[in-house]
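Below is one structure, written out as structure tokens, with a few remarks after it.
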Amino acid sequence: MVSTPTSKNPHAKIPDKGAVAFSLLSQAHSPETAERIYLEKIRKRPLHLKPTEPDTAQLARRQARQLKLQKLKKKHKPAPLSARQKRTLMLYDILKAEQKYEIYRPLNRMWIGYIQEILGLKEEGGQVLSVEAAKLCSADFHGAELEVVRSRCVSRVGVKGIVIKDLKSVFEVVTERDVVKVLPKEHTIFRFTVPFPEVKVEEGKGRVGESNVDEEKKPKELVFELHGDQFKYRAADRANKKFKSHFLPDL
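Under the numbering used here, the first residue of the sequence shown is numbered 2, with each subsequent residue one higher.
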């Protein structure tokens, strides 16, 4: 290249007359046009370099990361656990330290208040109408204290405890000896009692012990019998099920 200034641009460089590109342009264009094209299109043309390609392992990791992110975006919530996974994780198992009768006594008191409200019991006693009694079919028996009064298995008769699991085909109860028993509903009759609400004594009108002076006037507890053959439903299913009265030949 010869660095001699021209009349138009003193800083421009005149291309070498022996350059192959300039000689070819001079054959097709005038000297000024050939010089302009050579400077703008060839000498000052930008050169785009291709970026370095990553190695195969790095490219595979990047694709795996992108695929994982796409799967996470598609899954808005995790899939529910299967029955086998629940058994493996022991979600519904009761630990040995929690199989205590005293632990479930408060649950039994809560259930008594719940069933008293369903039956519409009052402090002064009274009768339970068939409409209120029919609500027992849809009631939840978690916390009820049941006793087996009749069963084909003689060893189950007399077992009494608080219900800790009200399943479709069985009741799981914890006895006063802190033992968990599984009682099948089929061919079994259970008994449970519901007391009337206690009489509240206002302050200044007497002591709490004075409410039990006349035990004869105190209303007796209501006794119900539950036929397990007609009660083989889960507690959640009974809440939405409509029961109809019909003839039961096995009673």
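C-beta atoms are modelled at their ideal positions from N, C-alpha and C, and glycine is treated no differently.
Local Cβ density within 10 Å of residue i, reported as buried at 16 or more and exposed below that
i, result
"residue 1", "Nothing about residue 1 can be read from this structure; the chain reaches only from 2 to 252."
"residue 229", "buried"
"residue 135", "exposed"
"residue 186", "buried"
"residue 189", "buried"
"residue 210", "Legend: pLDDT at residue 210 = 47, less than 50; position of this residue unreliable, value from coordinates given subsequently. Exposed."
"residue 132", "exposed"
"residue 137", "buried"
"residue 41", "exposed"
"residue 82", "exposed"
"residue 68", "exposed"
"residue 152", "buried"
"residue 80", "exposed"
"residue 120", "buried"
"residue 36", "buried"
Top-ranked residue by Cα proximity to residue i, from the options
i, options, result
"residue 191", "148, 236 and 231", "148"
"residue 117", "21, 193 and 186", "193"
"residue 100", "122, 163, 68 and 134", "163"
"residue 159", "146, 32 and 169", "146"
"residue 104", "177, 45, 22 and 237", "177"
"residue 221", "129, 45 and 36", "129"
"residue 165", "154, 156, 106 and 151", "106"
"residue 124", "199, 233, 85 and 150", "199"
Beta-carbon spacing of residue i, residue j below 7 Å
i, j, result
"residue 171", "residue 102", "no"
"residue 225", "residue 122", "no"
"residue 39", "residue 26", "yes"
"residue 227", "residue 195", "no"
"residue 43", "residue 29", "no"
"residue 169", "residue 235", "yes"
Any non-hydrogen atom of the ligand NAD within 6 Å of residue i CB
i, result
"residue 178", "Absent from the structure shown: the ligand NAD. Ligands present: none."
### Task
Would you check if the stretch 131–145 and the stretch 101–120 touch, i.e. whether three or more CB-CB distances between them fall below 8 Å?
yes
### Message
Would you call the stretch 84–100 in contact with the stretch 179–187, where contact means no fewer than 3 C-beta pairs closer than 8 Å?
### Response
yes
### Query
For the stretch 156–208, which segments carrying the beta strand (DSSP E) assignment without a break, of at least 3 residues, lie completely within its bounds, in sequence order?
161–167, 171–175, 181–185 and 189–195
### Query
Which ranges would you report for the alpha helix (DSSP H) in the stretch 66–124 if only whole runs of at least 4 residues count?
84–90 and 106–120
### Query
In chain order, which continuous runs of the alpha helix (DSSP H) of length 4 or greater are located wholly inside the stretch 23–55?
32–38
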